[in-house]
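Sequential numbering of the sequence shown, starting at 27, is according to the numbering used here.
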Amino acid sequence: MHTPVHTDGGLSVIIDTEKGKAVITGFCVIMENFFPPIEITAMEMEVIPPGTHVNAYESY
Numbered sequence: 027m028h029t030p031v032h033t034d035g036g037l038s039v040i041i042d043t044e045k046g047k048a049v050i051t052g053f054c055v056i057m058e059n060f061f062p063p064i065e066i067t068a069m070e071m072e073v074i075p076p077g078t079h080v081n082a083y084e085s086y
């Protein structure tokens, strides 16, 4: 699902579960956000922000 909020190319995944639908935002699926590399933690950043697209529609 296209969910452009703070980045034009934002995507989310909708999953049907036994208790209803669940949505996982694209920001939450960046593995490095769960285990940031030393280059990120050394900059005192807790997460890696997603990239900004020049033209999201061309990339799709």
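Backbone N, C-alpha and C define an ideal beta-carbon position, used for all residues, glycine too.
Exercise for the section: Pick helix, strand or coil for G52, following the three-state DSSP scheme. Expected result: Here residue 52 is taken as the residue at index 26 of the sequence shown, counted from 1. Looking at G52 - three-state DSSP - the assignment turns out to be helix.
Exercise for the section: Name the two residues that bound the continuous beta strand (DSSP E) containing T43. Expected result: One-based indexing of the sequence shown puts residue 43 at position 17. Boundaries of the beta strand (DSSP E) harbouring T43: 38-43, taken from the DSSP string.
Handout entry: Which listed residue (M57, M69, M27, V31) has its alpha carbon closest to that of V39
Key = Stepping through the sequence shown from its first residue, residue 39 is reached at position 13. Of the candidates M57, M69, M27, V31, the residue whose Cα lies closest to the Cα of V39 is M27.
Exercise for the section: Pull up the DSSP beta-bridge partners for G46, would you. Expected result: Residue numbering aside, residue 46 sits at position 20 when the sequence shown is read from its first letter. In DSSP, G46 forms a bridge with T43.
Practice task
Measure the CB-CB distance between T51 and T29 and report whether it falls below 8 angstroms.
Solution key: Numbered from its first residue, the sequence shown carries residue 51 at position 25. Numbered from its first residue, the sequence shown carries residue 29 at position 3. Contact flag set, yes.
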